[in-house]
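Student: Mind looking over this structure? Questions follow.
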Amino acid sequence: MAKKHVAVLMGGFSSERPVSLSSGNSCADALEAEGYTVTRVDVTRDIASVLRDLKPDVAFNALHGPFGEDGTIQGILEYLEIPYTHSGVLASALAMHKEQAKIVAKAAGIPVAEAKTMNRLDFTSKHPMKPPYVVKPVSEGSSFGVVIVKEDQSHPPQIITSAEWKYGDSVMVERYIYGRELTCAVMGNVAIGVCEIIPVGHQFYDYDSKYVAGGSNHVVPAKISLKIYQKIQTLALKAHQAIGCKGISRSDFRYDDRFSEDGELIWLEVNTQPGMTPTSLVPDIAKAAGHTFGELLSWMVEDASCLR
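Every position in the sequence shown, counted from 1, becomes a number in our numbering once 1230 is added.
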């Protein structure tokens, strides 16, 4: 039986265009090696007419950031009745909005850090929260615009109110969680593994440590107690289901074990469009669970649907 014609959607026009192109080309190469007919589509504003003419069997969504990750492209694919990978319209929009995702996660019994959402222009000479804290754009991915305010910082970061800020006026101020950076991939309804991310030469897992070769070390499986490992898997799956994710998702956590092994475990967010580059986390986690990159992508293509 002939394999499906897959349109790999990549590029786009968000801040994460370079990452998306890298993800998309990696996925297209691997899907071709698996025998699929692949068309690489660099997404522009006329994507609806491009896809209508192309008539693929499946759209593999390798877009990142606003438009590709927030329910917008998902809505277009629903309208065109083209089955697609990853999460649907609602889950994508919800996960992309950090404040709303946190509300849903907390209601599901998932531990989250105290936070408040405010207009960036309301930052004055006074801290909005006792340092240390983190300031994040409400709807951006790949750690764009994340600012860590340390304990000894006497005033809020000036970049937040400057004209150079390009991540929207709504920001979330969140208590800084000390500890280790852990992440868990969910494939369908199975939490397939936990990875510890150790940034190399970076304060935290920022854009460069995610996407520049050598920017971070991935320890898979994470060297933590079985109890904490299983707890992370349980919480990641719970977040995936509470937010309504489909296909592949990845939940990020901070684990502070400075004072005890149980420590403090905090869920940060769920990523509905995890990176699929050679340095990305989900392919590493899937490989440790026994899935080759090609097998992982084939599963995603076969799992594709509308009304997700």
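The beta carbon of each residue, even a glycine, is placed where N, CA and C say it ideally should be.
Give, in chain order, every unbroken run of the beta strand (DSSP E) that is at least 3 residues long and sits entirely within the segment 1444-1511.
Tutor: 1446-1449, 1478-1486 and 1494-1501
Student: Beta carbon of V1365, beta carbon of V1424: below 9 Å?
Tutor: Position 135 of the sequence shown, counting from 1, holds the residue named residue 1365. Position 194 of the sequence shown, counting from 1, holds the residue named residue 1424. Not in contact: V1365 and V1424 (Cβ atoms no closer than 9 Å).
Student: Check F1434 in the structure and name its three-state DSSP category.
Tutor: The sequence position of residue 1434 within the sequence shown is 204, counting from 1. Because the pLDDT at F1434 is just 49, under 50, the model does not fix this residue reliably, and the point stays unresolved.
Student: Exposed or buried, which one is S1384 when buried takes at least 16 other CB atoms within 10 Å?
Tutor: Sequence index remark: in the sequence shown, residue 1384 carries index 154 (1-based). By the neighbour-count rule (16 or more Cβ atoms within 10 Å), S1384 is not buried but exposed.
Student: Alpha carbon to alpha carbon, what distance is there between W1395 and G1318?
Tutor: Within the sequence shown, residue 1318 is the residue found at index 88, counting from 1. Within the sequence shown, residue 1395 is the residue found at index 165, counting from 1. Straight-line Cα distance between these residues: approximately 30 Å.
Student: What whole-angstrom Cβ distance do D1486 and G1409 have, given they're in contact under 8 Å?
Tutor: Taking the first residue of the sequence shown as position 1, residue 1486 is located at position 256. Taking the first residue of the sequence shown as position 1, residue 1409 is located at position 179. Correct: roughly 3 Å between the Cβ atoms.
Student: Tell me the rounded alpha-carbon separation between E1194 and E1246.
Tutor: Residue 1194 lies beyond the stretch modelled for the chain, which goes from 1231 to 1538, so this question has no answer here.
Student: Below 8 Å on the Cβ atoms is my contact criterion, and I expect A1518 with V1450 to pass it. Report the Cβ-Cβ distance as a whole number of Å.
Tutor: Against the sequence shown, residue 1518 aligns to sequence position 288. Against the sequence shown, residue 1450 aligns to sequence position 220. About 4 Å; that satisfies the 8 Å criterion.
Student: So, with DSSP's three-state summary, where would you put N1255?
Tutor: Translated into positions along the sequence shown, residue 1255 becomes position 25. Three-state DSSP puts N1255 in a helix.
Student: Taking the alpha-carbon positions, what's the I1546 to V1280 distance?
Tutor: A question about residue 1546 goes unanswered here, because the residues of the chain that appear run from 1231 up to 1538.
Student: Taking 8 Å as the limit between beta carbons, can you name the residues of its chain near L1527, skipping five residues before and five after?
Tutor: As a first step, residue 1527 must be located in the sequence shown, where it is residue number 297. Around L1527: C1257, A1260, L1261, E1264, F1290 and M1506.
Student: By the DSSP assignment, the alpha helix (DSSP H) with S1400 in it spans what residues?
Tutor: The residue given as residue 1400 occupies position 170 in the sequence shown. Here S1400 belongs to no alpha helix (DSSP H); instead the beta strand (DSSP E) covers S1400 to R1405.
Student: For L1537, name the three-state secondary structure that DSSP assigns.
Tutor: Translated into positions along the sequence shown, residue 1537 becomes position 307. L1537: coil per DSSP, three-state reduction.
Student: Between L1310 and the rest of its own chain, which residues show a CB-CB distance below 8 Å, the 5 nearest in sequence each way excluded?
Tutor: The residue labelled residue 1310 in the question sits at position 80 within the sequence shown. A1278, L1281 and R1282, listed in sequence order.
Student: What's the call for E1411, buried or exposed, on a 16-neighbour Cβ count within 10 Å?
Tutor: Along the sequence shown, one-based indexing puts residue 1411 at 181. A residue is called buried when at least 16 other Cβ atoms come within 10 angstroms of its Cβ; E1411 meets this threshold and is buried.
Student: Using 8 Å for Cβ pairs, my map puts A1414 next to S1481. What's the rounded Cβ distance?
Tutor: In the sequence shown, residue 1414 corresponds to position 184, counting from 1. In the sequence shown, residue 1481 corresponds to position 251, counting from 1. Checking the sequence shown, residue 1414 turns out to be Cys, not Ala. So it is a contact: roughly 5 Å between Cβ atoms.
Student: Going by Cα to Cα distance, which pick from E1494, P1296, A1393 and K1476 is closest to P1341?
Tutor: Translated into the one-based positions of the sequence shown, residue 1341 becomes position 111. Nearest C-alpha to P1341: E1494.
Student: Which term fits T1427, buried or exposed, when burial requires 16 or more other beta carbons within 10 angstroms of its beta carbon?
Tutor: To locate residue 1427, count along the sequence shown from 1; it is residue 197. Per the sequence shown, the amino acid found at residue 1427 is Ile instead of Thr. Result: buried.
Student: Quick one: Cα of Q1463 to Cα of C1475, how far?
Tutor: The sequence position of residue 1463 within the sequence shown is 233, counting from 1. The sequence position of residue 1475 within the sequence shown is 245, counting from 1. Roughly 15 Å between the two C-alpha positions.
Student: Taking I1378 as part of the alpha helix (DSSP H), name the residues at either end of that continuous run.
Tutor: Here residue 1378 corresponds to residue number 148 of the sequence shown, with the count starting at 1. Element bounds for I1378: not the alpha helix (DSSP H) but the beta strand (DSSP E), V1377 to V1379.
Student: For P1504, collect the residues of the same chain with a Cβ closer than 8 Å to its Cβ; drop the 5 residues on either side in sequence, then sort them by chain order.
Tutor: By one-based count along the sequence shown, residue 1504 stands at place 274. Excluding residues within five positions, the ones whose Cβ falls inside 8 Å are A1415, I1478, S1479, R1480, S1510, L1511 and V1512.
Student: Relative to the alpha-carbon of F1243, which residue among S1252, G1254 and H1294 has its alpha-carbon at the smallest distance?
Tutor: If you number the sequence shown from 1, residue 1243 lands on position 13. Ranked by how close their Cα comes to the Cα of F1243, the residues S1252, G1254 and H1294 have H1294 in first place.
Student: Under the three-state reduction of DSSP, which class applies to R1275: helix, strand or coil?
Tutor: On the sequence shown, position 45 is the one that residue 1275 refers to. Three-state result, R1275: coil.
Student: Which residues does DSSP pair with I1389 in a beta bridge?
Tutor: The sequence position of residue 1389 within the sequence shown is 159, counting from 1. Per the DSSP secondary-structure output, I1389 pairs with nothing in a beta bridge.
Student: Considering T1413, what are the terminal residues of the beta strand (DSSP E) in which it resides?
Tutor: As a first step, residue 1413 is located in the sequence shown; it is residue number 183 there, counting from the start. Unbroken beta strand (DSSP E) run through T1413: R1410 to M1417.
Student: What are the start and end residues of the beta strand (DSSP E) that includes Y1309?
Tutor: Mapped onto the sequence shown, residue 1309 falls at position 79. From DSSP, Y1309 is part of no beta strand (DSSP E) but of the alpha helix (DSSP H) over T1302 to L1310.
Student: Among all the DSSP beta bridges, which residues are the ones paired with K1366?
Tutor: Taking the sequence shown and counting its residues from 1, one reaches residue 1366 at position 136. The partner list for K1366 (beta bridge, DSSP) reads M1402.
Student: Taking the alpha helix (DSSP H) that L1320 falls in, what are its first and last residues?
Tutor: Taking the first residue of the sequence shown as 1, we reach residue 1320 at position 90. V1319 to M1326 is the extent of the alpha helix (DSSP H) around L1320.
Student: Is it buried or exposed for L1537, if we count other Cβ within 10 angstroms and need 16 for buried?
Tutor: Counted from its first residue, the sequence shown places residue 1537 at position 307. Counting C-beta atoms within 10 angstroms of its own C-beta, L1537 has fewer than 16 neighbours from the protein chains shown and is therefore classed as exposed.
Student: If you run the structure through DSSP and keep just helix, strand and coil, what is V1280?
Tutor: Taking the sequence shown and counting its residues from 1, one reaches residue 1280 at position 50. V1280 falls in the helix class under three-state DSSP.
Student: How far does the beta strand (DSSP E) with T1347 in it reach, from first residue to last?
Tutor: Your numbering for residue 1347 matches position 117 in the sequence shown. Unbroken beta strand (DSSP E) run through T1347: A1345 to N1349.
Student: Start and end of the beta strand (DSSP E) containing M1240?
Tutor: As a first step, residue 1240 must be located in the sequence shown, where it is residue number 10. Start and end: H1235 to M1240.
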